[in-house]
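K.L.:
Take the sequence shown: its position 32, counted from the start at 1, is 32 in the numbering used here, and no numbers get skipped.
No residue lacks a Cβ here, since even glycine has one placed at the ideal position from N, Cα and C.
First the structure, which I've put down as structure tokens, then a few questions once you've had a look.
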Amino acid sequence: MAALIQKEARFEEDFYKVSRVFQNRIDIGMLLQSDATVAYGAESAGRVTTTDAERADDNPYNTYVHPGLPIGPISNPGDVAIKAAIAPADGPWLYFVTVNTITGDTVFSESYDDHLKAVAQWQQFMRDNPGNG
């Protein structure tokens with residue numbers, strides 16, 4: 001879990017929220033759907049965006065396809081990621097998306113509808129800032 005948090009979060013306060021999102025998803029049997037695991041399994045670690053084909057690939061790290069945590073770590077987690085994995089923030093979130101890869105601004109959402117609004121913000125950012133994903 002800490003390795004996923006390390007790859008998905010940028011700021012310390014977000015580490016604990018990302019941990020909560022993943023824990024909430026595990027608790028209800030929802031796929032983790034981490035783009036960081038997809039990129040790692042596709043040997044494209046470091047990219048923010050993933051393709052539909054990559055998200056559909058059956059590699060063992062792909063948390064869009066396989067439930068629960070990937071078969072192994074996707075990064076070397078630091079102290080904050082480890083602490084966040086042990087003690088996630090309190091919150092109802094099931095989704096998050098970084099809407100600005102320059103500032104690291106991330107939106108956490110409880111509902112899928114709110115998440116889609118945040119995804120639209122990210123998509124607009126990507127149109128305005130090509131090459132930042």
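Could you check what DSSP says for residue 108 in three-state terms: helix, strand or coil?
P.N.:
For the purposes of this step, residue 108 is taken as the residue at position 108 of the sequence shown. Strand.
K.L.:
How is residue 64 classed by DSSP in three states: helix, strand or coil?
P.N.:
For the purposes of this step, residue 64 is taken as residue 64 along the sequence shown, with counting starting at 1. Looking at residue 64 - three-state DSSP - the assignment turns out to be coil, as it is neither helix nor strand.
K.L.:
Can you check which of these residues, 14, 78, 7, is closest to residue 37 by C-alpha distance?
P.N.:
One-based indexing of the sequence shown puts residue 37 at position 37. Ranking the options by Cα distance to residue 37, first place goes to 7.
K.L.:
Give me whichever residues DSSP pairs with residue 98 in a beta bridge.
P.N.:
Position 98 of the sequence shown holds residue 98. Answer by DSSP bridge pairing, in chain order: 106.
K.L.:
Less than 9 Å between the C-beta atoms of residue 64 and residue 72, yes or no?
P.N.:
In the sequence shown, counting from the first residue as 1, residue 64 sits at position 64. In the sequence shown, counting from the first residue as 1, residue 72 sits at position 72. No, these two residues do not count as a Cβ contact at 9 Å.
K.L.:
By how many angstroms is the C-alpha of residue 57 removed from the C-alpha of residue 13?
P.N.:
For the purposes of this step, residue 13 is taken as the residue at position 13 of the sequence shown. For the purposes of this step, residue 57 is taken as the residue at position 57 of the sequence shown. Rounded to whole angstroms, residue 13 to residue 57 spans 32 Å at the Cα level.
K.L.:
Note down, in chain order, each residue of its chain lying with its Cβ closer than 8 Å to the Cβ of residue 103, except the 5 sequence neighbours on either side.
P.N.:
Residue numbering aside, residue 103 sits at position 103 when the sequence shown is read from its first letter. Excluding residues within five positions, none has a Cβ falling inside 8 Å.
K.L.:
Could you check which residue in 112, 105, 113 has the C-alpha nearest to that of residue 122?
P.N.:
Along the sequence shown, one-based indexing puts residue 122 at 122. Ranking the options by Cα distance to residue 122, first place goes to 105.
K.L.:
Note the first and the last residue of the continuous alpha helix (DSSP H) segment covering residue 75.
P.N.:
Residue 75 sits at position 75 when you count from the first residue of the sequence shown. No alpha helix (DSSP H) contains residue 75, which DSSP labels as neither H nor E.
K.L.:
Excluding the 5 residues preceding and the 5 following residue 9 in the sequence, name in chain order all residues of the same chain whose CB lies nearer than 7 Å to its CB.
P.N.:
Here residue 9 corresponds to residue number 9 of the sequence shown, with the count starting at 1. 15, 18.
K.L.:
Taking the beta carbon of residue 109 as the centre, do at least 16 other beta carbons fall within 10 Å, making it buried, or is it exposed?
P.N.:
Looking up residue 109 in the sequence shown gives position 109. Classification for residue 109: buried.
K.L.:
State yes or no: is the C-beta of residue 81 within less than 9 Å of the C-beta of residue 5?
P.N.:
Working through the sequence shown from its first residue, we reach residue 81 at position 81. Working through the sequence shown from its first residue, we reach residue 5 at position 5. Closer than 9 Å, so yes.
K.L.:
Note down, in chain order, each residue of its chain lying with its Cβ closer than 7 Å to the Cβ of residue 34, except the 5 sequence neighbours on either side.
P.N.:
One-based indexing of the sequence shown puts residue 34 at position 34. Same-chain partners within the cutoff: 4, 8, 63.
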